[in-house]
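For the numbering used here, count along the sequence shown from 1 and bump the result up by 10. From the three backbone atoms N, C-alpha and C, an ideal C-beta is built for every residue, glycine too. All of these numbers come straight from a predicted model, not from anything done at the bench. Below is one structure, written out as structure tokens, with a few remarks after it.
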Amino acid sequence: MKLLLIASLVLVGVAILLLCIKIILLKDGRFPNTHVGGQKAMQDRGISCHTSQDKQKRAHRTLQERLDEAAKE
């Protein structure tokens, strides 16, 4: 049982080290941006991240909302 636990911990440790090689060794090492908004091909097609689209929809105000806001001022 102990041998299995030690073997699994070593295996997980090696996997983490292998995944971090680029990040650890490079001066400006970082994880690549895999979000839809960060992909040039998606930007060229006009496709954006769903969180960005939601933010834009929430920021959009109707004419009535803008008139009500202007009336308050």
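Check whether the Cβ atoms of residue i and residue j sit closer than 8 Å, and answer yes or no.
i: K32; j: G39; result: yes
On the DSSP letters alone, give me the boundaries of the alpha helix (DSSP H) that residue i sits inside.
i: E75; result: 73-82
i: S18; result: 12-35
i: S62; result: 60-69
Using a Cβ-Cβ cut-off of 7 Å (strictly less than) and excluding sequence neighbours within five positions of residue i, which residues of its own chain qualify?
i: I57; result: V46
i: L15; result: none
Going along the chain, which residues of its own chain have a beta-carbon closer than 8 Å to the beta-carbon of residue i, five neighbours each way excluded?
i: M52; result: V46, S58
i: A80; result: none
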